[in-house]
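Okay, so here's the structure we're looking at.
2 protein chains.
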Amino acid sequence: MRLIANRIREVFELYGYGEIITPAFEHLDLLVAKAGEEVVKQIYSFRDKAGRLLGLRFEMTTPIARVIASNPMLPRPVRLYYIQPVWRYEEPQKGRYREFWQAGVELIGAECPEGDAEVVALTVRALQKAGLKGFVVKVNDRELVEGLLEEANVAPSQWVSAMRTIDKLEKRGESYVIQELAKLGLGESGARTLITRLNSLKGSIEVLSQLSSTGSERLNRGVRRLEAILSELKDGYGISNEVVIDATIVRGLDYYTSFVFEVVVPKADVGSVAGGGRYDDLIALVGGPKIPATGMAIGLERLIHAIEAENGAIGDYRVVEAVVIPVDPELRVYAARVAESLRSAGIRTMLEFGTRKLGKALERADKLGVRVAVIVGRSDIEEGVCTVRDMEKRVQERVLLDSVAEKVLSIVKSNLKSD
Amino acid sequence: MRLIANRIREVFELYGYGEIITPAFEHLDLLVAKAGEEVVKQIYSFRDKAGRLLGLRFEMTTPIARVIASNPMLPRPVRLYYIQPVWRYEEPQKGRYREFWQAGVELIGAECPEGDAEVVALTVRALQKAGLKGFVVKVNDRELVEGLLEEANVAPSQWVSAMRTIDKLEKRGESYVIQELAKLGLGESGARTLITRLNSLKGSIEVLSQLSSTGSERLNRGVRRLEAILSELKDGYGISNEVVIDATIVRGLDYYTSFVFEVVVPKADVGSVAGGGRYDDLIALVGGPKIPATGMAIGLERLIHAIEAENGAIGDYRVVEAVVIPVDPELRVYAARVAESLRSAGIRTMLEFGTRKLGKALERADKLGVRVAVIVGRSDIEEGVCTVRDMEKRVQERVLLDSVAEKVLSIVKSNLKSD
Numbered sequence: 074m075r076l077i078a079n080r081i082r083e084v085f086e087l088y089g090y091g092e093i094i095t096p097a098f099e100h101l102d103l104l105v106a107k108a109g110e111e112v113v114k115q116i117y118s119f120r121d122k123a124g125r126l127l128g129l130r131f132e133m134t135t136p137i138a139r140v141i142a143s144n145p146m147l148p149r150p151v152r153l154y155y156i157q158p159v160w161r162y163e164e165p166q167k168g169r170y171r172e173f174w175q176a177g178v179e180l181i182g183a184e185c186p187e188g189d190a191e192v193v194a195l196t197v198r199a200l201q202k203a204g205l206k207g208f209v210v211k212v213n214d215r216e217l218v219e220g221l222l223e224e225a226n227v228a229p230s231q232w233v234s235a236m237r238t239i240d241k242l243e244k245r246g247e248s249y250v251i252q253e254l255a256k257l258g259l260g261e262s263g264a265r266t267l268i269t270r271l272n273s274l275k276g277s278i279e280v281l282s283q284l285s286s287t288g289s290e291r292l293n294r295g296v297r298r299l300e301a302i303l304s305e306l307k308d309g310y311g312i313s314n315e316v317v318i319d320a321t322i323v324r325g326l327d328y329y330t331s332f333v334f335e336v337v338v339p340k341a342d343v344g345s346v347a348g349g350g351r352y353d354d355l356i357a358l359v360g361g362p363k364i365p366a367t368g369m370a371i372g373l374e375r376l377i378h379a380i381e382a383e384n385g386a387i388g389d390y391r392v393v394e395a396v397v398i399p400v401d402p403e404l405r406v407y408a409a410r411v412a413e414s415l416r417s418a419g420i421r422t423m424l425e426f427g428t429r430k431l432g433k434a435l436e437r438a439d440k441l442g443v444r445v446a447v448i449v450g451r452s453d454i455e456e457g458v459c460t461v462r463d464m465e466k467r468v469q470e471r472v473l474l475d476s477v478a479e480k481v482l483s484i485v486k487s488n489l490k491s492d
Numbered sequence: 074m075r076l077i078a079n080r081i082r083e084v085f086e087l088y089g090y091g092e093i094i095t096p097a098f099e100h101l102d103l104l105v106a107k108a109g110e111e112v113v114k115q116i117y118s119f120r121d122k123a124g125r126l127l128g129l130r131f132e133m134t135t136p137i138a139r140v141i142a143s144n145p146m147l148p149r150p151v152r153l154y155y156i157q158p159v160w161r162y163e164e165p166q167k168g169r170y171r172e173f174w175q176a177g178v179e180l181i182g183a184e185c186p187e188g189d190a191e192v193v194a195l196t197v198r199a200l201q202k203a204g205l206k207g208f209v210v211k212v213n214d215r216e217l218v219e220g221l222l223e224e225a226n227v228a229p230s231q232w233v234s235a236m237r238t239i240d241k242l243e244k245r246g247e248s249y250v251i252q253e254l255a256k257l258g259l260g261e262s263g264a265r266t267l268i269t270r271l272n273s274l275k276g277s278i279e280v281l282s283q284l285s286s287t288g289s290e291r292l293n294r295g296v297r298r299l300e301a302i303l304s305e306l307k308d309g310y311g312i313s314n315e316v317v318i319d320a321t322i323v324r325g326l327d328y329y330t331s332f333v334f335e336v337v338v339p340k341a342d343v344g345s346v347a348g349g350g351r352y353d354d355l356i357a358l359v360g361g362p363k364i365p366a367t368g369m370a371i372g373l374e375r376l377i378h379a380i381e382a383e384n385g386a387i388g389d390y391r392v393v394e395a396v397v398i399p400v401d402p403e404l405r406v407y408a409a410r411v412a413e414s415l416r417s418a419g420i421r422t423m424l425e426f427g428t429r430k431l432g433k434a435l436e437r438a439d440k441l442g443v444r445v446a447v448i449v450g451r452s453d454i455e456e457g458v459c460t461v462r463d464m465e466k467r468v469q470e471r472v473l474l475d476s477v478a479e480k481v482l483s484i485v486k487s488n489l490k491s492d
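Protein sequence lines correspond, in order, to chains A and B. Quick note on this note's numbering: the first sequence kicks off at 74 and runs consecutively. Quick note on this note's numbering: the second sequence kicks off at 74 and runs consecutively.
Right under this line is the structure:
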């Protein structure tokens, strides 16, 4: 997890995003804002000793929107990222537990499609850097879907319900969704036509041509925005193979206003590993001025599952580079000094306490994947030397104390992996 | 916070510790184990929808002890660290809110005093690396205090209460503590004598000489352990000026069995910034085998307060190194490409969207402390160049696209601060 989180953090910072930390729980009503009833049911809520109703955060966008709402003078666009746990009381699924970690960004104050493109691009780069390969970014625009609902004569007051229903296509299947949509004034044949229409809008940018110019202003706004984002992704970032249009993607949170996307890994059975979109009304809704914004979150456990499905288990972050082993407990002070000198040189060094035999200590170092063992023997102190052993090549040599750190560094560096 | 946390993380890893992540909440009874009644009152607890009584973790040692208890085959000693929030429902104090972050380590499976010395040494190094200067490490041993209670004829069943009372010396004052101790079978004069005795045991290692050889086995064990730790710290790690003995330090958590320490900053009014000790019984208590262990935690908000009290505000982690500014929205695609090339070279780069005037964009970059601005002008595209501006030296030059990343890197590197 740390390895993956660190790689993602690195990409977020490469795009100029700064970390924000928000509290784990807040007043329940402040957490909710415009999340959608489904998700609100999943909040862990409780009363504190003063009787206040609190809840554990179940996503990060609303708490961050509130920070922005109360600091409206921040120079915009504001670029923020987080890597934090959230909590949802739902049935545990593959890669999704009741506590799970999200790594995400919010780009606040950019109205242009280039902002959406930046968020998609850094998502793609972060997933690639984490080691994920076979993923697809499905993009859509809620205004496009709303335009189609408009054409089908669904009243605007029903759009939110319609979106929530369409969002269940993957989970509940088409016939369930058609049945539910039918109740919203569409009738069954209208609902069926709508779903057929949405399903036909999947693929490369050309699928949008069947919509252009014939539709409502709302529909056209959605189409133009998608076209602008896709072209910026292609020409500005060189990202095109990874992205497809899919008009059935609307995302489950009610606060999205136009562009939405999610990332799926066809070969891994874990649901979407990332998702996001534009939420131009949320900051005003939580008490701030109207500020356009777009964001995304990666589900870290799901991502790890997906990477493991591709590559097998993810190698552990190799913490310890060197171990210092006194062959006798009485040499411990001397060994501690040697270890300190290695640490001063920036080498991650573990100290053995001399309580196990040399052979056992070496065996253990091997198991931990430690590259270098520095062995301190009895006669070494007088001679001012110790033995430096390359655990991988299984060779060792006696080295003067002054040059131990240098020697260890040269072995450790010869092993640098590409990351 | 991130800057400080990263520096501390670096030190933990230098000592060969690996990160552990534990859940934010668990079954309430599993969190508590042997924490002490005071602290248990401060747990945020609630029932989930299945009626189970859960609690938010208020410290990390017990949850980690449980992980070890259920994985008794892990090769020992196990070295673990964490940098995580915990929650306590108490009156907010300076540097202590209801959610606060702890950065700590657990060294599990080392019985020798060299283990305690390692934990103290890495605490000292972590605090130094974080930038703290005027701190004092107060060390003590609960067996030493128990030995004195034994001599004063306090029944062993009262020792835990006595410890909790002595722990209040700082907060409630001597007369309160004497009054409370008197009730434990000591009488008032006995209590006064005990406190005088404890107060006389403050200072360098020599203060222990008044105890040696005359006391009980328990007392002597405490004395010998302290002596061994102090001598290892001095000879193995070169740490002696920062450490003093203080027999009134017993720590507030009931699970400590012998060595305890805390770190105070005399000039900053924030309580202790770090503390820890040995807890040889806790892992057995939570269902594992008997495994000796020692650990410590740093309170990050308190540490930051203390550092700020010494140095003024801590500089922000400077995230953005370069900004790419198209002078016109139509140059955005080209600007995005330039930004991507800088990121590929590892430069943290923010992209302007061309929606503000060049002057404004430069002003903003200045405010954010960005070192380099790369300006993309209209004629630049044809000529294959752009303008690289050193914001600090206020000089700029036109550079061929191929060498932009190199040029920006050379400016950013010329500015590397000592950390």
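The beta carbon of each residue, even a glycine, is placed where N, CA and C say it ideally should be.
| query | result |
| --- | --- |
| Glycine 91 of chain B, DSSP secondary structure in three states | strand |
| Chain B residues whose Cβ lies nearer than 8 angstroms to that of aspartate 121 of chain A | Tyr117, Tyr162 |
| Nearest neighbour of alanine 225 of chain B, chosen from B:Gly204, B:Arg245, B:Gly263 [CA to CA] | B:Gly263 |
| Chain A contacts from the region 239-262 of chain B (Cβ-Cβ distance under 9 angstroms) | none |
| Cβ of phenylalanine 334 of chain B within 7 angstroms of any chain A Cβ | no |
| Whether leucine 180 of chain A touches arginine 198 of chain A by CB criterion (7 angstroms) | no |
| Within-7 angstroms CB hit, aspartate 308 of chain B to chain A | yes |
| Residues of its chain near glutamate 223 of chain A, where Cβ-Cβ distance is below 7 angstroms and the 5 sequence neighbours each way are ignored | Ser289, Arg291 |
| Spatial distance of leucine 274 of chain A from leucine 473 of chain B (CA atoms) | 43 angstroms |
| Coarse secondary structure for serine 118 of chain B, derived from DSSP in three states | strand |
| Contacts that valine 197 of chain B makes with chain A (C-beta to C-beta distance below 7 angstroms) | Correct list: empty, because the minimum Cβ distance to chain A is about 11 angstroms. |
| Neighbour-count burial assignment, arginine 215 of chain A, 16 or more Cβ in a 10 Å radius | buried |
| Members of the region 86-101 of chain A near chain B, C-beta cut-off 9 angstroms | Glu86, Leu87, Tyr88, Gly89, Tyr90, Gly91, Glu92, Ile94, Pro96, Ala97, Phe98 |
| Buried or exposed (CB count within 10 angstroms, at least 16 for buried), threonine 269 of chain B | exposed |
| Residues near valine 84 of chain B by beta carbon distance below 7 angstroms, same chain, minus five either side | Leu195, Arg198, Ala199, Lys202 |
| Whole-angstrom distance between valine 193 of chain A and serine 491 of chain B, CA atom to CA atom | Here the model assigns serine 491 of chain B a pLDDT of 40, short of 50, so the residue's position is not dependable, and the following value carries that caveat. Whole-angstrom Cα-Cα distance: 35 angstroms. |
| N-terminal and C-terminal residue of the beta strand (DSSP E) that tyrosine 154 of chain A is part of | 151-160 |
| Inter-stretch contact (C-beta, 8 angstroms, three-pair minimum) for the region 316-326 of chain A and the region 236-253 of chain A | yes |
| Start and end residues, beta strand (DSSP E) containing methionine 369 of chain A | 366-372 |
| Closer than 7 angstroms to chain A by CB, glutamate 465 of chain B | no |
| Residue-level contact to chain A via CB, isoleucine 81 of chain B, 7 angstroms cutoff | no |
| Entirely enclosed alpha helix (DSSP H) segments - the region 171-235 of chain A, minimum 4 residues | 186-203, 215-224 |
| 7 angstroms Cβ cutoff met for glycine 128 of chain A and leucine 104 of chain A | yes |
| Option in B:Glu86, B:Trp232, B:Glu425, B:Val210 with minimal Cα separation from valine 218 of chain B | B:Trp232 |
| 7 angstroms Cβ cut-off: residues of chain A touching threonine 428 of chain B | Cys185 |
| Own chain residues within Cβ distance below 8 angstroms of leucine 489 of chain B, not counting five before or after | Any reading at leucine 489 of chain B must be qualified, since the residue scores a pLDDT of 48, below 50, and its modelled position is unreliable; the value itself is stated next. Answer for leucine 489 of chain B: no residue qualifies. |
| Interface residues of the region 131-142 of chain B facing chain A [CB-CB below 9 angstroms] | none |
| Cβ-Cβ distance between glutamate 374 of chain B and phenylalanine 208 of chain B below 7 angstroms | no |
| Residues near valine 317 of chain A in its chain [Cβ-Cβ closer than 8 angstroms; skip 5 each side] | Val209, Val210, Lys211, Val212, Lys275, Gly276, Ser277 |
| Sequence-distant residues of its chain with Cβ nearer than 7 angstroms to lysine 114 of chain A (five each side left out) | none |
| Chain B within 7 angstroms of arginine 351 of chain A, Cβ atoms only | no |
| Assigned secondary structure, lysine 307 of chain B (DSSP; H/G/I helix, E/B strand, else coil) | helix |
| Assumed close pair alanine 395 of chain B, leucine 415 of chain B - CB separation to whole angstroms, cut-off 8 angstroms | 6 angstroms |
| Endpoints, beta strand (DSSP E) assigned at valine 346 of chain B | Taken as a continuous stretch (DSSP letters only), valine 346 of chain B belongs to no beta strand (DSSP E), as it is neither H nor E. |
| For isoleucine 377 of chain A and lysine 43 of chain B, the rounded distance between their alpha carbons | What the structure shows of chain B is the stretch from 74 to 492, and residue 43 of chain B is not part of that stretch, so it cannot be assessed. |
| CB of phenylalanine 131 of chain B within 7 angstroms of CB of isoleucine 116 of chain B, strictly | yes |
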